[in-house]
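Protein chains in written order, with our numbering: chain A, 483 to 492; chain B, 6 to 220.
The beta-carbon is built from N, C-alpha and C at its ideal position, and this holds for glycine as well.
The structure displayed is predicted, hence computed values, not measured ones.
The structure appears below as structure tokens.
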Amino acid sequence: SPEENLHDEL
Amino acid sequence: MNIFRFAGDMTHLISILVLLLKIYATKSCSGISLKTQELYALVFLTRYLDLFTDFISVYNTIMKLVFIASSLAVVCCMRMHRVVRRSYDKDLDTFRHYFLILASFVLALLVNEKFTFQEIFWAFSIYLEALAILPQLVLLQRSGNVDNLTGQYVFFLGAYRAFYILNWIYRYFTEQHFSRWIACVSGLVQTVLYADFFYYYFISWKNNAKMQLPA
Chain A
483 SPEENLHDEL
Chain B
6 MNIFRFAGDM THLISILVLL LKIYATKSCS GISLKTQELY ALVFLTRYLD
56 LFTDFISVYN TIMKLVFIAS SLAVVCCMRM HRVVRRSYDK DLDTFRHYFL
106 ILASFVLALL VNEKFTFQEI FWAFSIYLEA LAILPQLVLL QRSGNVDNLT
156 GQYVFFLGAY RAFYILNWIY RYFTEQHFSR WIACVSGLVQ TVLYADFFYY
206 YFISWKNNAK MQLPA
């Protein structure tokens, strides 16, 4: 889903 | 979250703990590049701008706080602590790291996910992290011998991004529309920069000898 947070990594 | 990313984060945390141990236990920062530490503090401050706006998980928030706090603590300690700062190799740590900051920022303006304040600073932090180790590697090259804790610090710092590459491969094959090519390409460059350090680290480990970098 496009609005998923692109930066879920550290 | 997958095992590769968790292993990467734990390896990164270990590298920070080893660095803190080295400075605290030996009350010395010889062999440590203050410039690399400053670059890493900048990396975390610009990457985690969303710390209070985007909540991902408790783990994510805690790790971000640990990374920001530890990198700032090391920089302050190396600059202010009256005993530690005396052991700083000021005349060896002469890499022009401002160029790394400028180059990363210009590249972030040109290549980013979206031309917004947060995304430009995120891309900047990704590019800067790939280059941040350069002053440290140059300092080790100049000082020749590498003490154990410093060697382990750099080793774990390099290894963590290698785990992230496995994480990105894993996510590519298990998630639709997974594309983190900015982080992937930058992470690859970052890991490659450690290649010769890893080689000499492995040699010293195999020969059970002190790590020597060719002058």
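Beta-carbon proximity of residue i to residue j, cut-off 7 Å
i	j	result
residue 68(B)	residue 492(A)	yes
residue 58(B)	residue 137(B)	no
residue 165(B)	residue 17(B)	yes
residue 23(B)	residue 158(B)	yes
residue 172(B)	residue 10(B)	yes
residue 109(B)	residue 133(B)	yes
residue 44(B)	residue 102(B)	yes
N- and C-terminal bounds of the alpha helix (DSSP H) containing residue i
i	result
residue 188(B)	186-198
residue 149(B)	Residue 149(B) -> no alpha helix (DSSP H), and no H or E assigned at all.
residue 67(B)	63-85
residue 13(B)	8-31
Cβ-based burial, residue i [other Cβ within 10 Å; buried from 16]
i	result
residue 216(B)	buried
residue 141(B)	buried
residue 210(B)	exposed
Interface flag, residue i vs chain A, CB-CB below 7 Å
i	result
residue 61(B)	yes
residue 18(B)	no
residue 14(B)	yes
Under 9 Å from the C-beta of residue i: neighbouring residues of chain A
i	result
residue 10(B)	491 and 492
residue 65(B)	490, 491 and 492
residue 127(B)	488 and 489
Chain A contact residues for residue i, given Cβ-Cβ distances below 7 Å
i	result
residue 68(B)	492
residue 134(B)	By Cβ distance, chain A contributes nothing, its closest Cβ being about 11 Å from residue 134(B), past 7 Å.
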